[in-house]
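Trainee:
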Amino acid sequence: MDADPKVFVISGPSGAGKGTLTTEVLKRVPSLARSISVTTRRPRPAEKNGVDYYFVTADEFREHIRKNDFLEWAKVHGNYYGTLKSIVEKELAAGKDVVMVIDVQGAISVKKMMPEAVLIFIKPPSMEELRKRLKERKTENEAELERRMKNAEAEMKLAKLYDFVVINDDVNRATDELVGIIQSIRSKS
76 MDADPKVFVI SGPSGAGKGT LTTEVLKRVP SLARSISVTT RRPRPAEKNG
126 VDYYFVTADE FREHIRKNDF LEWAKVHGNY YGTLKSIVEK ELAAGKDVVM
176 VIDVQGAISV KKMMPEAVLI FIKPPSMEEL RKRLKERKTE NEAELERRMK
226 NAEAEMKLAK LYDFVVINDD VNRATDELVG IIQSIRSKS
């Protein structure tokens, strides 16, 4: 076991497959813990509070901001998202590497606070494929879809700030690549 646990930050545009890839990685990489984010957005079908996210009200979220409870937080697509310091610190103290699935703004904030964090950007194979994925999941109306596409264009430009970029053109291949990156970083310690 690594004496110096690592923080892996996975981000990219909505619909790139961050959650899917992370779920697969967690099945294959031992002693890797997923940090569960706090959000004010409504749960999607099949999402569970405390498993996928901690779903809170805007007032509860602002109270966490006031108390400086967040490692990072941002307002994205009209909703607040954040990572509680206590969750990450607890996993690191237990000797576990932590994977955070967060937006690009949050990833850049984490890197400033934790320069040792490893940033991994998940990229769709094309903008057309991204639009198709967002439409197929049927969780956004047309205006929200357009906002996510516009944000995706800006987020893609920030991929150059990341340590690694994984193109999610095939879930199995992209998972293999992500697992390889994590294992490679872990073995260097």
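Numbering (the numbering used here), first residue to last: 76 to 264. Glycine residues also receive a C-beta, built at the ideal position from the N, C-alpha and C atoms.
Decide if Ile-140 is buried, meaning its Cβ has at least 16 other Cβ atoms within 10 Å, or exposed.
Mentor: exposed
Trainee: Is Ala-218 helix, strand or coil by DSSP?
Mentor: helix
Trainee: Using the DSSP secondary-structure output, state which residues sit across from Leu-236 in a beta bridge.
Mentor: The partner list for Leu-236 (beta bridge, DSSP) is empty, contrary to what the question assumes.
Trainee: On the DSSP letters alone, give me the boundaries of the alpha helix (DSSP H) that Val-254 sits inside.
Mentor: 246 to 262
Trainee: If you draw a straight line from the alpha carbon of Thr-250 to that of Ile-197, how long is it in whole angstroms?
Mentor: 11 Å
Trainee: Would Ile-85 pass as a contact of Val-174 if the rule is Cβ separation under 9 Å?
Mentor: Yes; because the gap between Cβ atoms is below 9 Å, this pair is in contact.
Trainee: Using the Cβ count rule (16 or more neighbours within 10 Å means buried), how would you classify Asn-243?
Mentor: buried
Trainee: Pick from Ile-257, Ile-177, Val-185 and Ala-192: whose alpha carbon is nearest that of Gly-92?
Mentor: Checking every option, the nearest Cα to that of Gly-92 belongs to Ile-177.
Trainee: For Val-126, does the count of other Cβ atoms within 10 angstroms reach 16, so buried, or fall short, so exposed?
Mentor: exposed
Trainee: Leaving aside the five residues before and after Ala-291 along the sequence, list all residues of the same chain whose C-beta is less than 8 Å from its C-beta, in chain order.
Mentor: No answer is possible for residue 291: it lies beyond the span of the chain, which begins at 76 and ends at 264.
Trainee: Between which two residues does the beta strand (DSSP E) containing Ile-197 stretch?
Mentor: 193 to 198
Trainee: Return the chain-ordered list of same chain residues with a C-beta closer than 6 Å to the C-beta of Ser-106, the five sequence neighbours on each side being excluded.
Mentor: Lys-171
Trainee: Between which two residues does the alpha helix (DSSP H) harbouring Lys-160 extend?
Mentor: 160 to 168
Trainee: What residue range is occupied by the uninterrupted beta strand (DSSP E) comprising Met-175?
Mentor: Element bounds for Met-175: 172 to 176.
Trainee: By how many angstroms is the C-alpha of Thr-158 removed from the C-alpha of Leu-146?
Mentor: 6 Å
Trainee: Tell me the DSSP secondary structure of Ser-110 in three-state form.
Mentor: strand
Trainee: If we ignore side chains and look at the alpha-carbon of each, how far apart do Lys-225 and Arg-206 end up?
Mentor: As the crow flies, the alpha-carbon of Lys-225 is around 11 Å from that of Arg-206.
Trainee: Pull up the distance between the alpha-carbon of Asp-77 and that of Asn-216, whole angstroms please.
Mentor: In this predicted model, Asp-77 has a pLDDT of only 44, less than 50, meaning its place in the structure is not dependable; the value taken from the coordinates is given anyway. Distance between the alpha carbons of Asp-77 and Asn-216: 45 Å.
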